[in-house]
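See below for the structure under consideration.
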Amino acid sequence: KALLLRLRWTLAAAQLWPADAFRLLDVGNNGCLQRKDLTSGLERLGVRSEGLSQERWTRQVENLFRWMAQDDREVIFLEDFRAALEFSEALSVASPVASPASGQANASPKILAPNSASPTTGAFVWPSDAANTSPLRSGAVGPAVPPSTSQALSPASLGLENFLSPVAAEICPNILTGKMCQKLSAGRFKVKWHKHSSFRPLWSDGLLTLWAASELIPRGNFIGLKRGSNAVKERIAWAHYVSTAKPSTHLVEVTDEQHSGFFAKHPRDELNRFLGTFFPHPIRFRQIWRSKDTSNALYIWVPVPPSSDYVAVGMLCTTVDEAPDLEELRCMPRLWAEPRSGPLFKAWSGTGMDRSVASMWLSGDTGVLQVSTTEEPPEMYEMSPMPDKKFYISLPHTE
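For the sequence shown, the numbering used here assigns the number 14 to the initial residue and increments by one for each residue that follows.
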């Protein structure tokens, strides 16, 4: 039971649903977990206590495996995993998370879970996603916004830094600090604005078109030692884009200067780790609006950042009632974000299935997709101005 509780607390601190965690542990995409998958996955999550002997650890994992596996099976399926992570009354009582009324001075901090917590037991309840076994892709469940900084757990309290392994880097990136986000005049990773004009259309009503940025990784042998296929770089899409004509805007481009060049081997591992740390994908989507017009259907989705260290700059759209891929956009470090300045104008409005009215707002001919379901413009972010239009960042353990 102690190992099961530690697993629950770790997932709650990382804002991972049971189905999210199951897919992280199922590295072979087999749809089930064997003993070796559970053992290695729990170690990557940082659930193993420091100083625990190998014999005792093996016994604890075996007991947990038997607890989760139904009918003495030799594998654990998603439904088994999800059911085991739901609190029972007995386990809630056994939890060292104290109630506010207990007055215990040495009680562990209350875990903020993806769903509401009980004010009397401190126990958390996972949301019901029985109708959707892939909350990472669906966005059907989950918090609308990440917890505030004042509510977030200290990573050290649950060994969360151990969870931040390469396997989970894209879902739960490194905790950002002010020192990590310091903009440098020189370094390995160059961050720079570039004009981008490659987009594919997604939806249109004849007056306004929604677009997705494409060709974010340079291809082809362009002139120059650090251009095209000779460069290890990638551009970042913050959202889908709104435009009255084919869009042309500026995107942030990140280049691994160390591995770019004609004679370099061009590995992308460290660039991917950098992007996963500073510009991670969201962990899920939340649908906020759907159009009433079924003949030209439109669904609007809000991305949920991995933690309160990041903000979502814009939104995504689909033409079917299915969430976009997580890889469609990236989030921005909160330390680099600032409220968008300048006037906005309402470029479009429409009526939803529940008769709610949604509106899109722009500051020019092209902009990131931002939809408001109130009379006021949505809160919009942009990256703070860059010194000399570019800066450099050092990723820990790569310099």
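Beta carbons are placed, not taken as given, at the ideal position from N, Cα and C, and that holds for glycine. Note that the coordinates shown come from a computational prediction; the quantities given were computed from them, not determined experimentally.
### Task
Name the one or two DSSP bridge partners that V265 has.
W206 and I249
Next item on the list: Answer with buried or exposed for R79, where buried requires no fewer than 16 other C-beta atoms within 10 angstroms of its C-beta.
Entry: exposed
**Asked** In terms of DSSP beta bridges, what is S362 paired with?
**Response** S372
Tell whether a beta-carbon distance below 8 Å holds between A226 and M328. no
Measure the Cβ-Cβ separation of P319 and I296 and say whether it is below 8 Å.
yes
With DSSP run on the structure shown, which of helix, strand or coil describes G54? helix
**Prompt:** Got a sec? Which residues, its chain only, sit under 6 Å from S385 by beta carbon, not counting five neighbours each side?
**Reply:** S372 and P391
- Task: Give the DSSP-derived three-state secondary structure of T379 in the structure shown.
- Result: strand
**OP:** Classify S354 as helix, strand or coil using the three-state DSSP reduction.
**Re:** coil
Does Q47 come out as helix, strand or coil in the three-state DSSP assignment? coil
Q.
Applying the 10 Å Cβ sphere with the 16-neighbour rule, what's the burial state of S101?
A. Note that S101 has pLDDT 39, beneath the 50 cutoff, so the model's placement of it is unreliable and the number below is only indicative. That one is exposed.
- Task: Compute the Euclidean distance between the alpha carbons of L91 and T23, then round it to the nearest angstrom.
- Result: 18 Å
* Asked: Across which residues does DSSP place K402 in a beta bridge pair?
  -> BP columns for K402 are empty, so no partner.
**Study point:** Inter-stretch contact at 8 Å, needing at least 3 Cβ pairs: the segment 188-202 / the segment 212-221
**Key:** no
Suppose only complete runs of 4+ residues qualify. What are the alpha helix (DSSP H) ranges in the segment 277-362, listed by chain order?
282-291
Exercise for review: Would you tell me roughly how many angstroms separate the C-alpha atoms of R281 and A336, rounded to the nearest one?
Suggested key: 28 Å
For the beta strand (DSSP E) holding A244, just list the boundary residues, first then last. No beta strand (DSSP E) holds A244; DSSP gives it neither H nor E.
Can you give me the C-alpha to C-alpha distance between P316 and A26, rounded to a whole angstrom?
19 Å
*Under the rule that 16 or more other beta-carbon atoms within 10 Å means buried, what is L20, buried or exposed?*
buried
Handout entry: DSSP state of L77 mapped onto helix, strand, coil
Key = helix
Fill in: Beta bridge counterpart(s) of P214 as assigned by DSSP
W224
At which residues does the beta strand (DSSP E) containing E395 begin and terminate? Y394 to M396
Check for me: the alpha helix (DSSP H) holding L197 runs from which residue to which? First-last for L197: undefined, no H or E at that position.
TODO: Identify the continuous alpha helix (DSSP H) that holds A15 and give its terminal residues.
DONE: A15 to A26
message: What does the alpha-carbon distance come out to for the pair E395 and G380?
response: 11 Å
*asked:* Considering Cα atoms alone, identify which of F404, L342 and Y312 is closest to V370.
replied: Y312
| query | Just the Cα atoms here: how many angstroms apart are A32 and T307? | reply | 31 Å
Cβ-based burial, T190 [other Cβ within 10 Å; buried from 16]: exposed
| task | Find out if the Cβ-Cβ distance for the pair L38, G54 is shorter than 8 Å. | result | yes
_What does DSSP give as the partner residue(s) for S385 in the beta ladder?_
S372
Excluding sequence positions up to five away, which residues of its chain have a Cβ less than 8 Å from the Cβ of R303? A310, L311, Y312, I313, D334, G365 and M366
Notebook entry, point to check: What residue does the beta strand (DSSP E) around S256 start on, and which one ends it?
Noted result: Y254 to S256
Problem set entry | K196 versus G377, P346, A82 and G289, residue with shortest Cα-Cα distance | P346
- Message: Tell me which residues share the same chain as Q73 and place their Cβ nearer than 6 Å to its Cβ, disregarding the 5 neighbours each side in the sequence.
- Response: L16
Drop a sphere of 10 angstroms on the beta-carbon of A96, count the other beta-carbons inside from all chains shown, and report buried for 16 or more, exposed for fewer. exposed
Query raised in the report: Can the beta-carbon of R343 be found less than 8 Å from the beta-carbon of I249?
Result: yes
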